[in-house]
Amino acid sequence: MARQLNLLSGQVIPTPLHTEMQQSYLEYAMSVIVGRALPDVRDGLKPVHRRILYAMHELGLTPDRPYRKCARVVGDVLGKYHPHGDQSVYDALVRLVQEFSSRYPLLAGHGNFGSVDNDPPAAMRYTETRLAPIGNEGLLTQVGEATVDFISNFDNSQQEPTVLPAQLPFLLLNGSSGIAVGMATNIPPHNLGEVVDGLVALIDHPDLSDQELRSIIPAPDFPTGGEIVSTEGIVEAYSQGRGSIVIRGVAKIEQVPTAQRRRTKTAIVVTELPFQVNKASWIEKMASLVNAGRLEGISDIRDESDRDGIRVVIELKREASPQVVLHHLYQQTELMSKFGAIFLALVDGQPRQLSLKEILQEFLNFREHTLIRQYTHELDASVRRCHIVEGLLNALGNLDAVVDILRNAPDGGTAKINLERDLQMSEAQADAILAMPMRRLTGLERQKLQDEFDELSEQIRQLRRLLDERPELLKSLKKELRSLKRKYNDPRRTRIIVQDAEVPDEQPQSSTRTEPSKSKTRPSTEILQPLAPAEEETVLEFTHRGYVRRLPAKTVDSKSRSKTDTSDVTVEENDDFIVSSYLTTTGQNLAILTRTGKAYPLNVGEIPTTSNRSRGTPLITLLPTSATKDGFRSLQELILAPFIWAEHPDKTDLILLTQQGKIKRLSLSEFLDFTNRGITIIKLKDQDELGYVNLTRPGERVVLATSGGRLLSLPINDEQLPTMGRTAQGSQATRLRKQEQLVSCVTVSAKGSLLLVSQLGFAKRISMERVRPTTRGSIGTQMFQFKGQRDALAGMVSVNPNQQAYLLTNENRVLRFAINELRLQDQDAMGDCLFELNSGEKIIGVRSGVFLQ
Numbered sequence: 001m002a003r004q005l006n007l008l009s010g011q012v013i014p015t016p017l018h019t020e021m022q023q024s025y026l027e028y029a030m031s032v033i034v035g036r037a038l039p040d041v042r043d044g045l046k047p048v049h050r051r052i053l054y055a056m057h058e059l060g061l062t063p064d065r066p067y068r069k070c071a072r073v074v075g076d077v078l079g080k081y082h083p084h085g086d087q088s089v090y091d092a093l094v095r096l097v098q099e100f101s102s103r104y105p106l107l108a109g110h111g112n113f114g115s116v117d118n119d120p121p122a123a124m125r126y127t128e129t130r131l132a133p134i135g136n137e138g139l140l141t142q143v144g145e146a147t148v149d150f151i152s153n154f155d156n157s158q159q160e161p162t163v164l165p166a167q168l169p170f171l172l173l174n175g176s177s178g179i180a181v182g183m184a185t186n187i188p189p190h191n192l193g194e195v196v197d198g199l200v201a202l203i204d205h206p207d208l209s210d211q212e213l214r215s216i217i218p219a220p221d222f223p224t225g226g227e228i229v230s231t232e233g234i235v236e237a238y239s240q241g242r243g244s245i246v247i248r249g250v251a252k253i254e255q256v257p258t259a260q261r262r263r264t265k266t267a268i269v270v271t272e273l274p275f276q277v278n279k280a281s282w283i284e285k286m287a288s289l290v291n292a293g294r295l296e297g298i299s300d301i302r303d304e305s306d307r308d309g310i311r312v313v314i315e316l317k318r319e320a321s322p323q324v325v326l327h328h329l330y331q332q333t334e335l336m337s338k339f340g341a342i343f344l345a346l347v348d349g350q351p352r353q354l355s356l357k358e359i360l361q362e363f364l365n366f367r368e369h370t371l372i373r374q375y376t377h378e379l380d381a382s383v384r385r386c387h388i389v390e391g392l393l394n395a396l397g398n399l400d401a402v403v404d405i406l407r408n409a410p411d412g413g414t415a416k417i418n419l420e421r422d423l424q425m426s427e428a429q430a431d432a433i434l435a436m437p438m439r440r441l442t443g444l445e446r447q448k449l450q451d452e453f454d455e456l457s458e459q460i461r462q463l464r465r466l467l468d469e470r471p472e473l474l475k476s477l478k479k480e481l482r483s484l485k486r487k488y489n490d491p492r493r494t495r496i497i498v499q500d501a502e503v504p505d506e507q508p509q510s511s512t513r514t515e516p517s518k519s520k521t522r523p524s525t526e527i528l529q530p531l532a533p534a535e536e537e538t539v540l541e542f543t544h545r546g547y548v549r550r551l552p553a554k555t556v557d558s559k560s561r562s563k564t565d566t567s568d569v570t571v572e573e574n575d576d577f578i579v580s581s582y583l584t585t586t587g588q589n590l591a592i593l594t595r596t597g598k599a600y601p602l603n604v605g606e607i608p609t610t611s612n613r614s615r616g617t618p619l620i621t622l623l624p625t626s627a628t629k630d631g632f633r634s635l636q637e638l639i640l641a642p643f644i645w646a647e648h649p650d651k652t653d654l655i656l657l658t659q660q661g662k663i664k665r666l667s668l669s670e671f672l673d674f675t676n677r678g679i680t681i682i683k684l685k686d687q688d689e690l691g692y693v694n695l696t697r698p699g700e701r702v703v704l705a706t707s708g709g710r711l712l713s714l715p716i717n718d719e720q721l722p723t724m725g726r727t728a729q730g731s732q733a734t735r736l737r738k739q740e741q742l743v744s745c746v747t748v749s750a751k752g753s754l755l756l757v758s759q760l761g762f763a764k765r766i767s768m769e770r771v772r773p774t775t776r777g778s779i780g781t782q783m784f785q786f787k788g789q790r791d792a793l794a795g796m797v798s799v800n801p802n803q804q805a806y807l808l809t810n811e812n813r814v815l816r817f818a819i820n821e822l823r824l825q826d827q828d829a830m831g832d833c834l835f836e837l838n839s840g841e842k843i844i845g846v847r848s849g850v851f852l853q
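Just so you know, we're using the UniProt record's numbering here: the sequence shown kicks off at 1 and counts up by one.
Pasting the structure below:
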């Protein structure tokens, strides 16, 4: 700080003005940089955010506790740690709650916390908050002097952490923005699963190149979705720490009804906006451009957004071209904008511009240092406790001598000295014996002490191994990261569009439509169907984990894909495999069926092209936002079955089966002319969901399997399974016994075979000729004999001898074997045990397919 004048003594220190200004301004600048504007690379937080989270931790506002008024939280932060304005603290707290501001909100809110229209939040006396699960577990569960350093607060009355022991790199997960003095930071948010995969890859391969890292973390993932239309800025930002990322909203062409609902009009429907775009201001800007005559072809603008998502309908004039209007919206409004990424953060208290790899490496260094401190603290505590328990066991083993010493000692001090001398005990052990209650002399308490000693000895051995062997420490770190990924990962929201398409120049606005004479190139939009490029052959591959891969047909060797590996039974490290594939064209449409009983269309040309080494694109990210409003988050929970309905003959039907046993036959003709909003294919009762979907052809039978090993074989005819409408609930297929549930539903020919697998790993193959035909509503036939009462049927698939089967376990393992390894058996057989499962491991699913290379 600048030297202070002693005015009372008349002291005057001559100082050049430029020197004083330079020194004072530098001190102010560093105070702003370190204390306000820039986040720490270790936990990704600015001081105000860190203090809010720590104050809520001290208040006990964990996710399992009731919400508390925000005014109480702000008061604690101001009084203990952050002597600034209450409104600035409340604004920071609000951003930690808003789902459209933070990719993974660290706080959970109750009340009005604002909207994407920039509506202000309610006053802090009305809103309530508590820690979100990811904020509590990822930042605060390990906080303490054993893991991080603490310093005094502004008045030396409290201690606060200098950094939180973050278990995830929240600097990348939620991003950060701030303007300091002479510098600024603007870090985009990212997907948790991709970032964790990048950290694990960097642990395994410290020399990982930037290009290899970008294949794992391809781009930012913004909370409001949108599309990234160019990867050049991403490459610069990830490698140099600074770049410009072009993002745009998601818009589709739809036919919407007019006010009289007698006919439809063409409209551009915007369902997602770029990150940090104010929807209300964007609509106002668009309207002003239309009124000024700078944006032509628009007749009406309506905001139909609700709590389920954004929906802005832009109705077009009859003579307008949707492609041209959308092109001008991208060029003249914030529907397409640039995110200027600056990866600037504090490293050892100094601002540094970092690459993506450097940010990840700094976090790993911090996490490794934190784990060493934590394990060292746990080791010291375990050693101390083990020493005490050892002394107690020594005393119990020499109980007569201890009693004699205590009986003959005149006072406690003498007894302590005699214990240390006669039984070779330490001072701590002697104190513990003197404080030991009489109940510890019982046999049961003695056994408890012995069990505690054994447990502590094993814990000490493991902790010393973690501290002495760095590979074991890194293995523990990877296990922790993967555990957090399983808990908090969610699908990517922002799509990456890399292909180019042609967009026409502006057409004359007249009543007669004319064809465009010229074109200019810009990033493609998936919805420009009227002027779509020529159709081309392509291959679609759908995986068990809910991903889709689109490959050019000329790059796929059909012969090599038709080969089946007939090797012995194996356990695969990869947990994904192909379950269905189509050779189709980019002009065809998919029908995506979900467990909520709805179907959504998806054009094949909208699916991004991937390489045969890529895992693919999450299918859920290609669906409308409204498809995920029912609470299904993971890929496997929502997506049930995709199929190209236009490629199936007219006589093909769908067999639908719900988890509560409602079965229904639906004609594919019901899928004609359904819109992007989707259609209902079955009406579901409360707590029910669509469980199984099968395409069926004449001559096939539908077979249902229960967890009790019963099979129900039904003919597909109008008597047993009549064709029903889309809104019908269906009929009850079978009567389930107590604690029994449906585990499978397949369609199979009369000469086909079935594979049945139990939870304990017993598998058998039976011919359809041995499955007795039954009628709807009956109990079926017992076709599987279990080894014990703990076993149950896990699944059933229709197979042929040239296929492979994949068994999915509750430990995320995939067990693979060839079908021809199993012989055909009768209904009384128990089956063959092909795998030895781990303790507590069970089979939870059975599929057939081709494993991803």
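Don't be surprised by glycine CBs; every beta carbon is placed ideally from N, CA and C.
Asked                                                                                                                                                                                                     : Found
Over the uninterrupted beta strand (DSSP E) stretch that includes A341, give me the two end residues.                                                                                                     : 336-342
Does T566 pass the burial test, meaning 16 or more other C-beta atoms within 10 Å, or should it be called exposed?                                                                                        : Residue placement at T566 cannot be trusted, given a pLDDT of 40 that sits under 50; what the coordinates show is reported in the next sentence. Classification of T566: exposed, given that the 10 Å Cβ count is below 16.
Would you call the stretch 653-667 and the stretch 686-696 touching, i.e. three or more CB-CB distances under 8 Å?                                                                                        : yes
Helix or strand or just coil, what does DSSP make of G233?                                                                                                                                                : helix
For the beta strand (DSSP E) containing Y126, list its first residue and its last residue.                                                                                                                : Neither: Y126 is in no beta strand (DSSP E) and is coded neither H nor E.
Just to confirm before moving on: does the CB-CB distance between S753 and N800 stay below 9 Å?                                                                                                           : yes
For the beta strand (DSSP E) holding M796, just list the boundary residues, first then last.                                                                                                              : 793-799
Any idea what DSSP makes of G109, helix, strand or coil?                                                                                                                                                  : strand
Who does K662 pair with in a DSSP beta bridge?                                                                                                                                                            : Q732
Return helix, strand or coil for M847, following the three-state DSSP convention.                                                                                                                         : Rather than Met, the amino acid found at residue 847 in this sequence is Arg. It is a strand residue.
Can you tell me the Cα-Cα spacing of S483 and L364, whole angstroms?                                                                                                                                      : 16 Å
Using 8 Å as the cut-off, can you tell me whether the stretch 484-495 makes contact with the stretch 395-414, which would need three or more C-beta pairs spanning the two stretches below that distance? : no
Take G138 as the anchor and find which of P83, D43, I151, A750 has the nearest alpha-carbon.                                                                                                              : D43
Hey, how far is the Cα of L192 from the Cα of Q374?                                                                                                                                                       : 24 Å
Cβ atoms of Q323 and T675: under 9 Å apart, would you say?                                                                                                                                                : no
Suppose you measure from the CA of A463 to the CA of E145; what does that come to, to the nearest Å?                                                                                                      : The residue asked about is misnamed: residue 463 is Leu in this sequence, not Ala. Using only the alpha carbons, I get a separation of about 19 Å.
Could you tell me the boundaries of the beta strand (DSSP E) in which E160 lies?                                                                                                                          : 159-161
Note down the Cα distance separating A37 from D348, rounded to an integer number of angstroms.                                                                                                            : 15 Å
Could you tell me whether the Cβ atoms of R103 and N174 are closer together than 9 Å?                                                                                                                     : yes
What are the start and end residues of the alpha helix (DSSP H) that includes R545?                                                                                                                       : No alpha helix (DSSP H) contains R545, which DSSP labels as neither H nor E.
Express the C-alpha separation of E378 and I663 in angstroms, rounding to a whole number.                                                                                                                 : 56 Å
Sort out for me which residues DSSP pairs T258 with in a bridge.                                                                                                                                          : According to DSSP, T258 bridges with nothing at all.
Pull up the distance between the alpha-carbon of T19 and that of E27, whole angstroms please.                                                                                                             : 12 Å
I need the boundaries of the beta strand (DSSP E) containing I151, first residue and last residue.                                                                                                        : 150-152
Between the C-alpha atoms of S848 and D832, what's the straight-line distance to the nearest angstrom?                                                                                                    : 18 Å
When burial is assigned at 16 or more other CB atoms within 10 Å of the CB, is Q159 buried or exposed?                                                                                                    : exposed
Please state whether DSSP places L837 in a helix, a strand or coil.                                                                                                                                       : coil
Nearest CA to the CA of T127: which residue from P105, S839, F170, V74?                                                                                                                                   : V74
Who are C745's beta bridge partners in DSSP?                                                                                                                                                              : L704
Taking the C-alpha atoms as reference points, what is the distance between K69 and L449?                                                                                                                  : 46 Å
Within a Cβ cutoff of 8 Å, which residues of the same chain sit near L316, ignoring the five residues on either side of it in sequence?                                                                   : K265, T266, A267, I268, G297, I298, S299, P322, V325
Anyone know if the C-beta pair for S707 and A792 falls short of 9 Å?                                                                                                                                      : yes
Does Y600 come out as helix, strand or coil in the three-state DSSP assignment?                                                                                                                           : strand
Considering only the beta carbon of each residue, do L392 and M183 sit closer than 9 Å?                                                                                                                   : no
According to the Cβ coordinates, are G699 and S749 closer than 9 Å?                                                                                                                                       : yes
Looking at the secondary structure, which residues open and close the alpha helix (DSSP H) in which V290 lies?                                                                                            : 279-291
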